[in-house]
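FYI, in my numbering the residues of the sequence shown are 53 to 227.
Glycine included, each C-beta is placed from N, C-alpha and C at the ideal position.
Just so you know, these numbers come straight off a predicted model, no measurement behind them.
Down below is the structure, laid out as structure tokens.
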Amino acid sequence: MFRISFCALAFSVCLLALGCGAGHSKVTGTVTLDGQPVASATVVFTADDGSRIASGFTDASGNFSLTSDNKEGTLPGKYKVSVSKTAIIEGQSPATMGDVGAKVDPNYLKLAMKAKGTGGPGGPPKSGPPTGSSTTGSMSKQELPKIYSMPDSSPLPMVEVPTSGPVKLELKSKP
Numbered sequence: 053m054f055r056i057s058f059c060a061l062a063f064s065v066c067l068l069a070l071g072c073g074a075g076h077s078k079v080t081g082t083v084t085l086d087g088q089p090v091a092s093a094t095v096v097f098t099a100d101d102g103s104r105i106a107s108g109f110t111d112a113s114g115n116f117s118l119t120s121d122n123k124e125g126t127l128p129g130k131y132k133v134s135v136s137k138t139a140i141i142e143g144q145s146p147a148t149m150g151d152v153g154a155k156v157d158p159n160y161l162k163l164a165m166k167a168k169g170t171g172g173p174g175g176p177p178k179s180g181p182p183t184g185s186s187t188t189g190s191m192s193k194q195e196l197p198k199i200y201s202m203p204d205s206s207p208l209p210m211v212e213v214p215t216s217g218p219v220k221l222e223l224k225s226k227p
């Protein structure tokens, strides 16, 4: 009888230990640029050691909620934070972006070929990935200061998960 009780107690303690601290923690927050909410931005938390990421998208009020591993939230730890927002590519409507089997606007293909550079057929452009304004034939344009888009260059402070409340990401036009 003592053995059964002890085993049941040990099993319960193990289950309790596995359930505490090892799971995902909910992470929510707000993104603003010069005090104004940023809609349709991508927020990415990258683990300090680079081993995992969590991401989310902002709504019209700049609010976001992170997910990772197809679960709400992310694992505890320290995270580098990056935020980006890319304009819709000229010649391509939102309905065709990312749709499998969707027809691509021919103007989009022309712009993509122009932006490809002179790296040869199917080769990479000589000057890196196309960015900039659509008048130069580029494929995308960052709508936020580029410095915020990469975890290693972002001036945003690291975030410790679990958080004590919503995370405020306050971006500046001139960081």
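On a CA-only basis, which of Gly102, Gly125 and Asp101 is nearest Gly108? Give me that one, please. Translated into the one-based positions of the sequence shown, residue 108 becomes position 56. When each option's Cα is compared against that of Gly108, the closest is Gly125.
Rounded to whole angstroms, what's the CA-CA distance from Pro264 to Gly217? Just pull it up for me. Summary: the structure shown does not reach residue 264, with the chain confined to residues 53 through 227, and so no result is reported for it.
Assuming the contact rule is C-beta atoms closer than 8 Å, Thr138 and Lys193 should be a hit. Round their C-beta distance to whole Å, please. Against the sequence shown, residue 138 aligns to sequence position 86. Against the sequence shown, residue 193 aligns to sequence position 141. That belief holds up - the Cβ atoms of Thr138 and Lys193 are roughly 7 Å apart, short of 8 Å.
Which same chain residues, not among the five before or five after Gly153, have their C-beta less than 8 Å away from its C-beta? Reading the sequence shown from its first residue, position 101 is the one you call residue 153. With a pLDDT of 44 at Gly153, under the threshold of 50, the modelled position of this residue cannot be trusted; read the value that follows with caution. Excluding sequence neighbours, Gly153 sits near nothing in its chain.
Given Cys59, which residues of its chain have a CB within under 6 Å of its CB, disregarding the five upstream and five downstream residues? The sequence position of residue 59 within the sequence shown is 7, counting from 1. Because Cys59 sits at a pLDDT of 46, beneath the cut-off of 50, its placement in the model cannot be relied upon, and the following sentence gives the value as read from the coordinates. Counting only Cβ-Cβ distances below 6 Å, and skipping sequence neighbours, we find nothing.
Report the three-state DSSP secondary structure of Ser107 (helix, strand or coil). As a working note, residue 107 is residue 55 in the sequence shown. It is a strand residue.
According to the Cβ coordinates, are Val230 and Thr110 closer than 7 Å? Because the chain in this structure spans residues 53 to 227, residue 230 falls outside the shown range and cannot be described.
For Arg104, I'd like the list of residues in its chain whose CB is within less than 6 Å of its CB, leaving aside the five on either flank, ordered along the chain. Counting from one through the sequence shown, the residue named residue 104 turns up at place 52. Once the five neighbours on either side are set aside, Arg104 has no close Cβ partner at all.
Neighbourhood of Pro89 by C-beta, 6 Å cutoff - its chain only, sequence neighbours within 5 removed: Sequence index remark: in the sequence shown, residue 89 carries index 37 (1-based). Same-chain partners within the cutoff: Ser113 and Gly114.
For Lys123 and His76, I'd like the C-alpha separation in whole angstroms. Residue numbering aside, residue 123 sits at position 71 when the sequence shown is read from its first letter. Residue numbering aside, residue 76 sits at position 24 when the sequence shown is read from its first letter. Roughly 8 Å separates the two Cα atoms.
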